[in-house]
Amino acid sequence: MVVLGIDPGYAIVGWGVVEYVGNKFRTIDYGAILTDAKMHFEHRLENIYDELMDIIARFKPDAISVEELFFNSNQKTAIGVACARGVILLAGVKSHVPLYEYTPLQVKQSVVGYGRAEKRQVMEMTRILLHLEKVPKPDDTADALAIAICHAHTNSSTLMQKNAYGMVKY
Numbered sequence: 001m002v003v004l005g006i007d008p009g010y011a012i013v014g015w016g017v018v019e020y021v022g023n024k025f026r027t028i029d030y031g032a033i034l035t036d037a038k039m040h041f042e043h044r045l046e047n048i049y050d051e052l053m054d055i056i057a058r059f060k061p062d063a064i065s066v067e068e069l070f071f072n073s074n075q076k077t078a079i080g081v082a083c084a085r086g087v088i089l090l091a092g093v094k095s096h097v098p099l100y101e102y103t104p105l106q107v108k109q110s111v112v113g114y115g116r117a118e119k120r121q122v123m124e125m126t127r128i129l130l131h132l133e134k135v136p137k138p139d140d141t142a143d144a145l146a147i148a149i150c151h152a153h154t155n156s157s158t159l160m161q162k163n164a165y166g167m168v169k170y
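Once you know that position 119 of the sequence shown is 119 in the working numbering, the rest is easy, because the numbers rise by one and skip nothing.
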């Protein structure tokens, strides 16, 4: 199974593609979609969509896993990230690739085994599971790889439930 993990944002969208076969991971590729703060917001969203469509076409994932939004401050940032997340979901739907969403707590639990793990613990465990020399940068890319790992670990769960939009929640 090939999984594209995505950490949503509008300045930086982290992405990572992993293959999971027989309880073993293979890192295929990873990176970040960067948008220029000087661009009009709608053009930043267009850039995210276009680059993500290219990534999906290039790697042909079996699933796309996206982190759910969690904000406890800055509403302006939250709205911008929510818009970018909508564009990300649209790219998945337009590509006919099943979409799955996970909370930060689910990602931490799946990767580290502890839902309250610190960010550095998740990044280090991601590095170890994917046999990488160092933690990928920017952090959004490492987060995207962790989200892909989360889906691979969770995929066989019998708790899977589709919501009204066809997205799967665990």
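Even glycine gets a Cβ: it sits at the ideal position worked out from N, Cα and C.
- Within the stretch 75 to 161, the complete beta strand (DSSP E) segments of 3 residues or longer fall at 99 to 102, listed in chain order.
- Straight across, the Cα-Cα distance linking residue 90 with residue 124 is about 31 Å.
- In the three-state reduction of the DSSP assignment, residue 37 falls in the coil class.
- Distance from the Cα of residue 36 is smallest, within the candidate group 27, 47 and 26, for 47.
- Between the C-alpha atoms of residue 144 and residue 108 there is a straight-line separation of about 12 Å.
- The count of Cβ pairs closer than 8 Å, one atom from the stretch 13 to 29 and one from the stretch 38 to 46, stays below three, leaving the stretches out of contact.
- In terms of Cβ geometry, residue 100 and residue 64 form a close pair [threshold 9 Å].
- When rounded, the separation of the alpha-carbon atoms in residue 75 and residue 60 is 34 Å.
- Between residue 67 and the set 84, 55 and 51, the nearest pair of CA atoms involves 84.
- Apart from the 5 residues on each side of it in sequence, residue 62 sits with its Cβ closer than 8 Å to the Cβ of 1, 2, 3, 97 and 98 in its chain, given in chain order.
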